[in-house]
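Reviewing the structure listed below.
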Amino acid sequence: MTSAPDFAWAGAASAAPLDAATANALAHGLQVLADPTRLRILSLVAANPDRPTTVTELVSALGCAQSTASHHLRILVDGGYLTYERSGTWGLYRLDATKLQATSASIRPR
Numbered sequence: 029m030t031s032a033p034d035f036a037w038a039g040a041a042s043a044a045p046l047d048a049a050t051a052n053a054l055a056h057g058l059q060v061l062a063d064p065t066r067l068r069i070l071s072l073v074a075a076n077p078d079r080p081t082t083v084t085e086l087v088s089a090l091g092c093a094q095s096t097a098s099h100h101l102r103i104l105v106d107g108g109y110l111t112y113e114r115s116g117t118w119g120l121y122r123l124d125a126t127k128l129q130a131t132s133a134s135i136r137p138r
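Structure below.
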């Protein structure tokens, strides 16, 4: 016999169901993360928290085209998981841990 999973949404032990706006926001965040290349990018950027990561570094590590890396980076920045700043001709990316933690808290098992 299989028991029910030990799972509850964030908040109180008897948290209310998600409202439509919250469910839409969470679904969008999960769609951003639901790609193996984007997960690898997040992992690579998070592995070097003391310095920003460039597209060139990611292209080398991922073995993909620059345009592919840039496409995924734009989605991660727009989704709030990475920050972007320009330094001369370089684009610098850093992990936005706040967004990742908020997404994790929304789906964490209790």
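If you want this note's numbering, it's the 1-based position in the sequence shown plus 28. C-beta atoms are modelled at their ideal positions from N, C-alpha and C, and glycine is treated no differently.
Selected residue, minimal CA-CA separation from Thr126, among Asn76, Gly108, Thr117 and Asn52: Gly108
Cβ-based neighbour list, Thr82, same chain, cut-off 6 Å, excluding 5 preceding and 5 following: Trp118
Any C-beta of chain B under 8 Å from that of Asn76: Chain labels in this structure do not include chain B; a single protein chain is all it has.
Val60 to Asn52 span [Cα, whole Å]: 12 Å
Assigned secondary structure, Thr131 (DSSP; H/G/I helix, E/B strand, else coil): helix
Beta carbon of Leu104 nearer than 8 Å to that of Ile69: yes
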